[in-house]
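The sequence shown begins at 40 in the numbering used here and counts up by one.
Structure first, then comments.
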Amino acid sequence: MSETPPPLTDDVRARVLTFAAAALGTLPEDELPRALRPFARFTPSRRARAAAGALATALEDDPEFRHRVAGTVASDPLAAAVGAGAVPPAADPAQAAALAYLLRPQGWVALIEQAQAVADIRARRVADDSAGQQVRLLTEQLAASRAEVREQARRFRADSAQAAAAADALRRDLRELGKKSQQAAAESEQAIAGLAAERQRWAATQSRLEADLRRLRVQLGAAEAVVESARRGSREGRTGEDMRLWLLLDTLVNAAQGLRRELALTPTDERPADSVLASAGTPTAAPGPSFPLEQLLAMPRAHLIIDGYNVTKTGYGDLPLEAQRQRLVSRLGAVAAQTGAEVTVVFDGAERLPVAPASPRGVRVRFSDIGQTADDLIGLLVGAEPLGRPVVVVSTDGEVADAARGAGAHPVASAALLAHLEHA
Numbered sequence: 040m041s042e043t044p045p046p047l048t049d050d051v052r053a054r055v056l057t058f059a060a061a062a063l064g065t066l067p068e069d070e071l072p073r074a075l076r077p078f079a080r081f082t083p084s085r086r087a088r089a090a091a092g093a094l095a096t097a098l099e100d101d102p103e104f105r106h107r108v109a110g111t112v113a114s115d116p117l118a119a120a121v122g123a124g125a126v127p128p129a130a131d132p133a134q135a136a137a138l139a140y141l142l143r144p145q146g147w148v149a150l151i152e153q154a155q156a157v158a159d160i161r162a163r164r165v166a167d168d169s170a171g172q173q174v175r176l177l178t179e180q181l182a183a184s185r186a187e188v189r190e191q192a193r194r195f196r197a198d199s200a201q202a203a204a205a206a207d208a209l210r211r212d213l214r215e216l217g218k219k220s221q222q223a224a225a226e227s228e229q230a231i232a233g234l235a236a237e238r239q240r241w242a243a244t245q246s247r248l249e250a251d252l253r254r255l256r257v258q259l260g261a262a263e264a265v266v267e268s269a270r271r272g273s274r275e276g277r278t279g280e281d282m283r284l285w286l287l288l289d290t291l292v293n294a295a296q297g298l299r300r301e302l303a304l305t306p307t308d309e310r311p312a313d314s315v316l317a318s319a320g321t322p323t324a325a326p327g328p329s330f331p332l333e334q335l336l337a338m339p340r341a342h343l344i345i346d347g348y349n350v351t352k353t354g355y356g357d358l359p360l361e362a363q364r365q366r367l368v369s370r371l372g373a374v375a376a377q378t379g380a381e382v383t384v385v386f387d388g389a390e391r392l393p394v395a396p397a398s399p400r401g402v403r404v405r406f407s408d409i410g411q412t413a414d415d416l417i418g419l420l421v422g423a424e425p426l427g428r429p430v431v432v433v434s435t436d437g438e439v440a441d442a443a444r445g446a447g448a449h450p451v452a453s454a455a456l457l458a459h460l461e462h463a
């Protein structure tokens with residue numbers, strides 16, 4: 040007749056599951072219960088956590104599996120002693136109970152009960168130690184409270200003595216204040232008499248000041264009339280000055296135009312798009328009319344800005360991203376050479392390479408920064424251009440096209456550029 044095991048303590052149960060989890064990695068898969076086979080590929084520690092419930096059920100309900108797990112711990116020195124029913128006194132009760140649960144020798148239930156008793160004793164010791172520490176803490180707090188009460192009583196007696204002395208001083212001060220109050224009343228009567236005389240002097244002074252104010256108002260009216268007359272004369276003189284300034288400005292404009300023709304200044308190689316950073320604003324301008332791509336590229340000093348992946352995924356979506364980039368950039372070199380337009384192609388930085396690929400002459404390749412999309416960078420490039428320069432933005436993205444149109448650029452669909460590249 041098999042013995043019924045008592046409930047395992049947490050410590051004993053954890054060790055039993057550790058033994059079983061380790062055995063899952065050593066036993067053949069066909070010898071494992073079907074519910075445990077998916078966990079055999081896990082590490083032992085992960086098996087013990089993920090398969091805890093399944094392991095506990097298999098050990099309790101499948102004697103054959105429990106026997107195989109017991110075979111994996113037979114080499115443990117303590118396992119031999121447990122199997123013989125002679126557990127060393129110095130052995131860990133939880134370890135011995137876990138081995139007894141797996142090996143099931145004669146008297147194995149008693150070993151588990153012994154481990155439970157040891158765990159209970161340890162828990163009581165911890166509780167006793169905690170209670171003793173609490174008693175010591177309360178005793179110290181009581182002693183401190185008594186000392187504080189004695190100190191407060193001493194301070195109260197000292198404060199009472201000081202209060203009595205202060206009360207005596209206050210009574211003396213009150214008597215002195217009574218004398219001073221009588222003296223102040225006499226001085227107040229004298230001040231009232233002096234105030235009446237001062238009021239009479241103030242009334243006379245006020246009458247004199249009112250007469251002076253009336254006289255000043257008359258003088259102010261005369262001065263305002265003089266100022267108005269001077270303003271009329273100033274406006275008449277300023278009309279002549281404005282005419283002379285206009286003639287001078289017209290002369291300066293003509294001189295500047297002649298100087299520009301004389302110096303024949305060469306355009307710089309720097310472009311506004313070369314200096315675009317992640318934090319730039321975008322000016323707005325009125326949208327212009329739509330033109331074919333060939334006409335737009337034929338405009339002098341045109342700037343062609345391309346939404347890279349929008350074009351490549353439209354035309355070469357079956358290629359890897361790197362091949363898409365290389366194919367588009369290489370074909371744009373021919374466009375730059377044929378039209379003389381400035382060409383900038385923008386890719387999302389999520390696929391950014393450590394080093395940007397080499398690009399043909401006249402083609403600029405840009406990747407958006409972290410936290411920035413290609414759409415944002417295209418908006419910055421458009422906004423960096425001076426109003427009036429022909430800017431062409433290639434994208435089928437409606438938001439990109441609307442933003443480009445609102446900034447004064449010419450939006451063109453990706454299909455139009457792909458068709459142009461096929462015939463370039």
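Beta carbons: idealized from backbone N, C-alpha and C, even for Gly.
Nonlocal neighbours in the same chain, by C-beta distance under 7 Å from residue i, ignoring five residues either side
{"i": "T323", "result": "Caution is warranted here: a pLDDT of 41 is assigned to T323, below 50, making its placement in the model unreliable, and no coordinate value can be reported."}
{"i": "S227", "result": "none"}
{"i": "D49", "result": "none"}
{"i": "E70", "result": "R107"}
Residues of its chain near residue i, where Cβ-Cβ distance is below 8 Å and the 5 sequence neighbours each way are ignored
{"i": "L287", "result": "Any reading at L287 is ruled out, since the residue's pLDDT is 43, under 50, leaving its predicted position unreliable."}
{"i": "L176", "result": "none"}
{"i": "H449", "result": "G327, S329, F330, L335, P429, V430, V431, V432, A443"}
{"i": "P339", "result": "P429"}
{"i": "T321", "result": "Bear in mind that the predicted position of T321 carries a pLDDT of just 41, short of 50, making it too unreliable to give a figure here."}
{"i": "E438", "result": "D414"}
Residues bridged to residue i (per DSSP)
{"i": "I344", "result": "T383, V432"}
{"i": "P450", "result": "V432"}
Residue from the options whose Cα sits closest to the Cα of residue i
{"i": "A118", "options": "E438, G388, Y140", "result": "Y140"}
{"i": "I345", "options": "G388, R405, M338, R256", "result": "R405"}
{"i": "A413", "options": "V421, G401, P132, G388", "result": "G388"}
{"i": "P371", "options": "P83, S398, R253", "result": "Here the sequence assigns Leu to residue 371, which means Pro is not the residue at that position. The candidate whose alpha carbon is nearest that of L371 is S398."}
{"i": "L56", "options": "A136, I417, P116, R73", "result": "A136"}
{"i": "T111", "options": "A60, S246, L255", "result": "A60"}
{"i": "R400", "options": "S369, P425, S407", "result": "S369"}
{"i": "Q134", "options": "E267, E263, V121", "result": "V121"}
{"i": "V374", "options": "E361, A362, L360, A337", "result": "A337"}
{"i": "F58", "options": "R76, R240, L98, A225", "result": "L98"}
{"i": "V402", "options": "L426, I409, P425, L367", "result": "L367"}
{"i": "E424", "options": "A232, A341, A130", "result": "A341"}
{"i": "P102", "options": "D212, R143, R88, P77", "result": "R143"}
{"i": "A114", "options": "A205, A204, L138", "result": "First, the residue type needs correcting, since residue 114 is Ser and not Ala in the sequence shown. Of the listed residues, the one whose Cα sits closest to S114 is L138."}
{"i": "R73", "options": "T82, L181, A93, S84", "result": "A93"}
{"i": "A149", "options": "I160, A223, P132, L209", "result": "P132"}
{"i": "P67", "options": "L457, F104, R88", "result": "F104"}
Start and end residues, alpha helix (DSSP H) containing residue i
{"i": "F58", "result": "49-63"}
{"i": "A443", "result": "437-445"}
{"i": "R76", "result": "Counting along the chain, R76 falls outside any alpha helix (DSSP H), and DSSP gives it neither H nor E."}
{"i": "D414", "result": "413-423"}
{"i": "L141", "result": "132-142"}
{"i": "F330", "result": "Here F330 belongs to no alpha helix (DSSP H), and DSSP marks it neither H nor E."}
{"i": "Q365", "result": "360-378"}
{"i": "V108", "result": "102-111"}
Cβ neighbours of residue i in the same chain (closer than 6 Å, five flanking residues each side left out)
{"i": "L332", "result": "V451, A455, H459"}
{"i": "L343", "result": "A380, V382, V431"}
{"i": "A62", "result": "V108, T111"}
{"i": "L47", "result": "none"}
{"i": "R52", "result": "none"}
Where the beta strand (DSSP E) through residue i begins and ends
{"i": "V402", "result": "402-406"}
Distance cut-off 7 Å: residue i Cβ against heavy atoms of the ligand NAP
{"i": "A373", "result": "In terms of ligand content, the structure shown is empty, and the ligand NAP therefore cannot be addressed."}
Inter-stretch contact (C-beta, 8 Å, three-pair minimum) for the segment 427-440 and the segment 332-351: The answer is yes - the segment 332-351 touches the segment 427-440, with three or more Cβ pairs under 8 Å.
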